[in-house]
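Visitor:
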C-alpha cells in the first residue's frame with residue numbers, strides 16, 4: 013500500500029507514523045472480512061490516489077466530539093465531511109448543510125489539488141497533504157491561515173454506486189424545492205427519505221459497523237432499539253422541515269408518515285436493532301411505493 017505524503021511538515025510526519033500503525037491494525041481486523049460478498053470494494057491495499065479518495069470522509073475532530081452522544085441523537089451538531097464518487101460527483105457535508113458538487117483532482121500540481129465546483133457556482137480547493145485508505149490531511153487553500161484538517165474513512169466503498177446512501181440521486185429529497193409540490197410529490201419526497209434510511213441501515217449492517225450514528229441526518233422518525241417512532245410536531249427537526257417547500261408541506265409529509273407508521277408490520281423475531289428496524293422500514297417503503 014502506498015502512503016501519499018505531499019507536505020513534509022513535522023506535524024504531518026508524526027501523524028503519518030501514528031497512522032501507519034493504525035493502518036496496520038485496521039488491515040489485521042479486515043483480513044477476515046469478505047467485502048465483496050457484502051457489496052463493497054476494499055481500498056486497504058490500493059495504491060491509486062483517486063481510487064482511495066472515492067469513499068466517504070469525515071472530519072476526525074467531529075467524529076471524536078460526537079463519540080459519546082446517543083447514536084440515535086437528533087441533535088444539531090457540527091459533523092463535516094465529503095463523499096467523493098467515481099463518476100466525478102461529490103457531496104460536501106452530507107450530515108450538515110449538504111452541497112452537491114463536481115470534483116477534480118490534479119496530480120500534476122504539487123502539492124496535489126482537489127477542486128470542487130458546486131451547483132450554485134461556488135468553488136473550493138484543497139491541497140492534499142497526506143493520504144492512506146483510512147485517513148487524509150487537507151489544507152484549505154481559500155483559508156488565509158491554510159488550516160489543516162484531518163479526515164477519516166472506512167477504507168471501502170460500494171461496488172454499485174447507487175447502493176451508497178450518500179450518492180447524489182439518493183440525497184435529492186434533501187434539496188429544498190423551489191416551488192410548492194403536489195401531494196404526490198410530497199409523498200415521493202417522503203418515500204425517497206425512507207429509501208435513504210433503508211440504504212443507510214443496510215450499509216451499516218453489511219459493513220458490520222462498530223459505531224452507527226444518525227447525527228446530522230434529517231428525518232421525521234426517531235430511531236430506537238427495536239422501535240421506530242414519530243416525534244411530537246413541536247419536536248420535528250428544522251433540518252427535516254427545510255427539505256420541503258415550507259412548513260405546511262412538511263406537515264403534510266408528517267401526517268403521511270404518521271398514517272404509515274400506524275399500520276401493522278411484521279417484526280422479525282431475531283436480529284439486532286438495526287436488522288429489526290430496517291426490516292420494518294423496507295415494508296414501509298413498499299407500502300409507500302404502492303400508494304403512489
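In my numbering, the protein residues as written are 13 to 304.
Here a beta-carbon is modelled for each residue, glycine too, at the ideal position from N, C-alpha and C.
So what does DSSP say about residue 57, is it helix, strand or coil?
Guide: Residue 57 sits at position 45 when you count from the first residue of the chain shown. Reduced to three states, the DSSP call for residue 57 is coil.
Visitor: If distances are taken between C-alpha atoms only, which option among 209, 145, 286, 113 comes closest to residue 132?
Guide: Your numbering for residue 132 matches position 120 in the chain shown. The option with the nearest alpha carbon to residue 132 is 113.
Visitor: Tell me whether residue 170 is buried or exposed, calling it buried when 16 or more other Cβ atoms sit within 10 Å of its Cβ.
Guide: Residue 170 sits at position 158 when you count from the first residue of the chain shown. Of the residues assessed, residue 170 falls on the buried side of the cut-off, its CB having 16 or more other CB atoms within 10 angstroms.
Visitor: Helix, strand or coil for residue 194 per DSSP?
Guide: Indexing the chain shown from 1 puts residue 194 at position 182. Here residue 194 sits in coil by DSSP.
Visitor: What three-state label does DSSP hand residue 225 in the structure shown?
Guide: As a first step, residue 225 is located in the chain shown; it is residue number 213 there, counting from the start. Here residue 225 sits in coil by DSSP.
Visitor: Measuring CA to CA, which of 120, 231, 292 is closest to residue 279?
Guide: For the purposes of this step, residue 279 is taken as the residue at position 267 of the chain shown. The residue from 120, 231, 292 with its alpha-carbon nearest to that of residue 279 is 292.
Visitor: Put residue 304 into one of helix, strand or coil per three-state DSSP.
Guide: As a position in the chain shown, residue 304 is number 292, starting the count at 1. In the structure shown, residue 304 sits in coil (DSSP, three-state: anything other than H, G, I, E or B).
Visitor: Would you mind working out which of 58, 92, 214 sits nearest residue 286, comparing C-alpha positions?
Guide: As a working mapping, residue 286 is identified with position 274 in the chain shown. For the residues 58, 92, 214, the minimum Cα distance to residue 286 belongs to 214.
Visitor: To the nearest angstrom, report how far apart residue 290 and residue 123 are at their CA atoms.
Guide: Counting from 1 along the chain shown, the entry for residue 290 is found at position 278. Counting from 1 along the chain shown, the entry for residue 123 is found at position 111. Answer to the nearest angstrom: the Cα atoms are 43 Å apart.
Visitor: Using DSSP's beta-bridge definition, name the partner residues of residue 128.
Guide: Translated into positions along the chain shown, residue 128 becomes position 116. The partner list for residue 128 (beta bridge, DSSP) reads 115, 136.
Visitor: Given residue 111, which residues of its chain have a CB within under 6 Å of its CB, disregarding the five upstream and five downstream residues?
Guide: Walking along the chain shown from the start, residue 111 turns up at place 99. Once the five neighbours on either side are set aside, the close Cβ partners of residue 111 are 104, 130.
Visitor: With a cut-off of 8 Å on the beta carbons, I'd call residue 207 and residue 182 a contact; round off their distance for me.
Guide: Here residue 207 corresponds to residue number 195 of the chain shown, with the count starting at 1. Here residue 182 corresponds to residue number 170 of the chain shown, with the count starting at 1. 7 Å between Cβ atoms; contact.
Visitor: Please look up how many angstroms separate the CB atoms of residue 234 and residue 243, rounded, as I've assumed it's under 8 Å.
Guide: One-based indexing of the chain shown puts residue 234 at position 222. One-based indexing of the chain shown puts residue 243 at position 231. Contact flag correct, Cβ pair sits at about 5 Å.
Visitor: Taking DSSP as the reference, what is the three-state secondary structure of residue 162?
Guide: Taking the chain shown and counting its residues from 1, one reaches residue 162 at position 150. Looking at residue 162 - three-state DSSP - the assignment turns out to be strand.
Visitor: Buried or exposed for residue 93, going by 16 or more other Cβ atoms inside 10 Å?
Guide: As a position in the chain shown, residue 93 is number 81, starting the count at 1. With 16 or more other Cβ atoms within 10 Å, it is buried.
Visitor: Using 8 Å as the cut-off, can you tell me whether the region 42 to 56 makes contact with the region 218 to 225, which would need three or more C-beta pairs spanning the two stretches below that distance?
Guide: yes
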